[in-house]
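Colleague:
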Ligand code: AMP
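Residue numbers (my numbering): 3 to 294.
This is how it looks when you write it as structure tokens:
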């Protein structure tokens with residue numbers, strides 16, 4: 003029998019609830035809260051595909067660097083609950099929704115916690131270079147959430163493309179019986195990918211932020227239309243040289259994320275553009291038919 007959505011704030015209570023489950027169709031959406039339409043798109047996908055949907059809300063200290071925004075990261079639990087309730091009521095009051103929002107960090111990392119999960123080379127590239135230790139923090143918390151929640155399917159946004167690849171690799175390597183589902187990027191009306199960090203932008207910064215999706219689209223167009231790969235590479239190099247707000251802009255293999263030196267069927271453009279001190283992250287998958 004479906005029940006009204008519940009809020010659970012301790013691991014012990016969650017584990018009790020989890021053990022009482024007979025059905026195995028459990029979808030997980032792991033978030034840091036401050037939910038927007040991008041997060042809700044993952045939740046709605048899980049509602050469609052599972053009997054039970056667990057949304058976790060936990061600002062994970064281990065994935066923030068010492069100079070990053072952990073302290074000021076927006077924490078908006080009541081608004082998040084309202085958004086989830088509204089989506090649940092609108093779509094699937096016949097399914098179960100559990101919001102797991104650990105009240106303290108110790109719920110996830112007990113006092114003597116020592117372990118770190120590291121997924122090797124893929125977590126050292128791009129975001130891993132600019133945010134050392136970030137993916138170790140992500141992999142560790144996601145592994146723990148997988149252990150607590152035991153989902154059948156976990157939904158992640160393609161917005162954090164490298165994160166999805168790191169989690170897929172960890173899941174395969176550690177023989178976890180969980181399907182990892184990458185869901186499309188949800189964008190604002192003008193093309194900027196939704197992100198909880200967009201609210202840090204000033205009005206002027208919000209305008210400048212459009213350079214990011216617009217450049218990705220232009221680069222994709224050049225890559226598709228241009229036969230000479232050197233010209234495409236030169237475009238990426240010039241773009242970065244002319245604007246020091248680019249942290250990186252690269253064309254990579256969409257699985258390994260290694261930088262590509264020629265066109266390939268499965269590639270991705272990855273970019274980070276820094277506006278008002280805020281790192282904006284975006285990407286564009288490019289699938290090509292290569293003629294021999
Ligand atoms: P976060 O709360 O930022 O850790 O994000 C939680 C999940 O939501 C991650 O899987 C993100 O990739 C996903 N997500 C964040 N922004 C978007 C977006 N604009 N479109 C789709 N998914 C997103």
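Glycine included, every Cβ here is placed at the ideal spot set by N, Cα and C.
1. Between the beta-carbon of residue 174 and the beta-carbon of residue 278, is there less than 7 Å?
2. Could you pull the start and end residues of the beta strand (DSSP E) that residue 271 belongs to?
3. Determine the direct distance from the alpha carbon of residue 26 to that of residue 250, and round the result to whole angstroms.
4. Grouping DSSP H, G and I as helix and E and B as strand, with all else coil, what is residue 189?
5. Any contact of the segment 92-102 with the segment 166-185, i.e. 3+ C-beta pairs under 8 Å?
6. Roughly how many whole angstroms lie between the Cα atoms of residue 187 and residue 214?
7. Buried or exposed for residue 165, going by 16 or more other Cβ atoms inside 10 Å?
8. Apart from the five residues just before and just after residue 292, which ones in its own chain have a Cβ nearer than 8 Å to its Cβ?
9. For the segment 39-50 against the segment 182-202, are there 3 or more C-beta pairs whose distance is under 8 Å?
10. For residue 194, is the beta carbon positioned less than 6 Å from some heavy atom of the ligand AMP?
11. Express the C-alpha separation of residue 125 and residue 32 in angstroms, rounding to a whole number.
12. Determine the extent of the alpha helix (DSSP H) in which residue 233 is found, giving its start and end residues.
13. Tell me the DSSP bridge mates of residue 28?
14. Would you kindly work out how many angstroms separate the C-alpha atoms of residue 234 and residue 216, rounded to a whole number?
15. Around the Cβ of residue 62, are there at least 16 other Cβ atoms within 10 angstroms (buried) or fewer (exposed)?
16. Quick one: give me the first and last residue of the beta strand (DSSP E) that residue 102 is part of.
17. For the 8 Å Cβ check, are there 3 or more pairs between the segment 126-135 and the segment 71-88?
18. Do the segment 51-71 and the segment 98-107 meet, that is, are 3 or more Cβ pairs less than 8 Å apart?
19. Starting from the N-terminal side, write out each stretch of the beta strand (DSSP E) that is 3 residues or longer and does not extend beyond the segment 112-169.
Modeller: The relevant details are as follows:
1. Not in contact: residue 174 and residue 278 (Cβ atoms no closer than 7 Å).
2. 268-277
3. 41 Å
4. strand
5. No, the segment 92-102 is not in contact with the segment 166-185.
6. 14 Å
7. buried
8. 265, 266, 267, listed in sequence order.
9. In this structure the segment 39-50 touches the segment 182-202; the number of beta carbon pairs closer than 8 Å is three or more.
10. no
11. 19 Å
12. According to the DSSP assignment, residue 233 belongs to the alpha helix (DSSP H) that extends over 231-243.
13. 54
14. Straight-line Cα distance between these residues: approximately 16 Å.
15. Result: buried.
16. Per DSSP, residue 102 belongs to the beta strand (DSSP E) from 98-102.
17. no
18. Under the 8 Å Cβ criterion, the segment 51-71 counts as touching the segment 98-107, having at least three qualifying pairs.
19. 155-159
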